[in-house]
Amino acid sequence: MVGLTSGPQEFFICIGLAAVLMISAGSFGFVIASMCEDFQTASAILGSCITPLNILGGFYINALGLKSWCGWIRYLSFSYYGYQSLIVNEWRNIDNITQNSDMVSNSYTSGIGVIESYGFKVDALMWCPFALMALCGLYATFAYIGLRIKVGDVIQSVSLSWLNIHVMTKPQKSIYNLYKTNQAPKEVLRNVSGEAKAGQLLVGDVIQSVSLSWLNIHVMTKPQKSIYNLYKTNQAPKEVLRNVSGEAKAGQLLVIMGASGAGKTTLLNVLTARDMSKVSVKGVILLNGQVVKASKIASISSYIQQQDMFQPLITVREHLIFQFNLTKCMNTRIGGKFTFKGISGGEKKRLAFASE
Numbered sequence: 001m002v003g004l005t006s007g008p009q010e011f012f013i014c015i016g017l018a019a020v021l022m023i024s025a026g027s028f029g030f031v032i033a034s035m036c037e038d039f040q041t042a043s044a045i046l047g048s049c050i051t052p053l054n055i056l057g058g059f060y061i062n063a064l065g066l067k068s069w070c071g072w073i074r075y076l077s078f079s080y081y082g083y084q085s086l087i088v089n090e091w092r093n094i095d096n097i098t099q100n101s102d103m104v105s106n107s108y109t110s111g112i113g114v115i116e117s118y119g120f121k122v123d124a125l126m127w128c129p130f131a132l133m134a135l136c137g138l139y140a141t142f143a144y145i146g147l148r149i150k151v152g153d154v155i156q157s158v159s160l161s162w163l164n165i166h167v168m169t170k171p172q173k174s175i176y177n178l179y180k181t182n183q184a185p186k187e188v189l190r191n192v193s194g195e196a197k198a199g200q201l202l203v204g205d206v207i208q209s210v211s212l213s214w215l216n217i218h219v220m221t222k223p224q225k226s227i228y229n230l231y232k233t234n235q236a237p238k239e240v241l242r243n244v245s246g247e248a249k250a251g252q253l254l255v256i257m258g259a260s261g262a263g264k265t266t267l268l269n270v271l272t273a274r275d276m277s278k279v280s281v282k283g284v285i286l287l288n289g290q291v292v293k294a295s296k297i298a299s300i301s302s303y304i305q306q307q308d309m310f311q312p313l314i315t316v317r318e319h320l321i322f323q324f325n326l327t328k329c330m331n332t333r334i335g336g337k338f339t340f341k342g343i344s345g346g347e348k349k350r351l352a353f354a355s356e
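First residue of the sequence shown? That's 1 in the UniProt record's numbering, and the numbers climb one at a time after it.
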């Protein structure tokens with residue numbers, strides 16, 4: 001349908017190469033994911049890595065025109081082996097290309113000439129698929145090493161507790177980070193302690209009982225800088241948590257309750273060592289009665305964070321208009337099952353969400 005070689009051999013080779021390419025691309029993604037803590041960071045790094053691999057793999061720059069100082073990168077690219085194999089698969093058996101008067105004098109007369117014009121080798125099908133599979137193994141090895149480094153050794157006996165956690169916000173710079181502001185750091189947590197014993201932790205194939213406690217957790221916000229983070233502001237630090245202590249026992253449900261802005265998310269961030277750049281923390285966190293590093297806690301703990309998918313540059317009104325799409329029925333009576341037909345069921349559901 002698109003002018004490709006119609007032979008069954010070429011067709012199945014193309015399908016096989018596409019499958020191997022898909023596995024190779026997934027393996028490369030695993031490597032990036034194993035080195036990152038969140039999806040956003042992994043996506044940014046993956047995009048930055050895929051672009052040069054595709055450019056140097058033959059899609060945009062001919063392999064014959066690559067300089068020696070950057071040409072070696074194509075040998076690490078799954079795009080290079082896959083693209084070369086597909087080109088050879090399509091053109092290797094074409095012995096004659098009919099020319100007409102509209103074609104330039106140096107047009108290719110056979111498929112071999114087309115292959116060589118890309119800087120590819122005619123015998124690529126003999127070794128490129130094996131190179132792709134070897135590259136998959138290399139990617140998988142790096143991904144395994146990255147995961148082992150991130151997770152660390154298997155913890156035989158785990159206990160999470162913290163003593164006198166004190167959190168202060170760090171001063172933010174302004175005016176494109178050229179000078180500091182006069183804003184003082186904010187206290188988010190002060191002398192917060194606790195211990196966690198709740199639940200069990202699965203590390204590898206070993207299930208361990210976990211106890212988490214915290215003592216005197218004290219959190220202060222750090223002073224934020226203004227004018228594009230170049231100088232400090234005079235804003236004093238804010239105290240978010242003061243002398244918070246607690247314990248999460250094994251097999252029990254622990255519920256943290258409080259009003260909006262009371263510091264519930266901040267306490268969870270402190271206990272799991274996440275989003276600590278803007279606060280100053282004091283206190284002790286214990287895991288099974290032992291003090292552990294924040295990096296270790298972050299590697300073995302997690303919780304579902306609040307990440308609302310909002311566009312930061314639009315107003316609330318604009319968000320509701322675009323999201324719920326209720327402007328066309330804004331003057332229509334709602335109606336009901338036993339009264340009269342009003343807005344549709346989907347519009348009622350969106351209206352209910354907007355009301356909540």
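Backbone N, C-alpha and C define an ideal beta-carbon position, used for all residues, glycine too.
The distance from the Cβ of L212 to that of E90 is about 60 Å, inconsistent with a contact at the 8 Å cut-off. Exclusion of the five residues before and after A294 leaves A273 as the residues of its chain whose Cβ lies within less than 7 Å of its Cβ. When the Cα atoms are used, T327 and E37 turn out to be separated by approximately 40 Å. One alpha carbon belongs to S79, the other to F28, and they sit about 11 Å apart. DSSP places N243 inside the beta strand (DSSP E), whose first and last residues are 239-248.
Between the alpha carbons of S277 and P223 lies a gap of roughly 11 Å. Linking A250 to N288 through their CA atoms gives a straight-line distance of about 10 Å. In this structure, DSSP gives I61 a state outside helix and strand, which the three-state scheme calls coil. In the structure shown, I285 falls within a strand segment according to DSSP collapsed to helix, strand and coil. The beta carbon of F324 sits closer than 6 Å to the beta carbons of R350, A354 from its chain, once the five residues preceding and following it are set aside; these are given in chain order. Within the UniProt domain "ABC-2 type transporter transmembrane" (1-91), complete alpha helix (DSSP H) segments of at least 4 residues are found at 8-34, 39-54, 68-71, 78-91, given in chain order.
DSSP places G146 in the helix class (H, G or I) of the three-state scheme.
Contact annotation, Y118 with N62: C-beta distance approximately 6 Å; criterion of less than 8 Å satisfied. Counting C-beta atoms within 10 angstroms of its own C-beta, K282 has 16 or more neighbours from the protein chains shown and is therefore classed as buried. Between V188 and V279, the gap from beta carbon to beta carbon is short of 8 Å.
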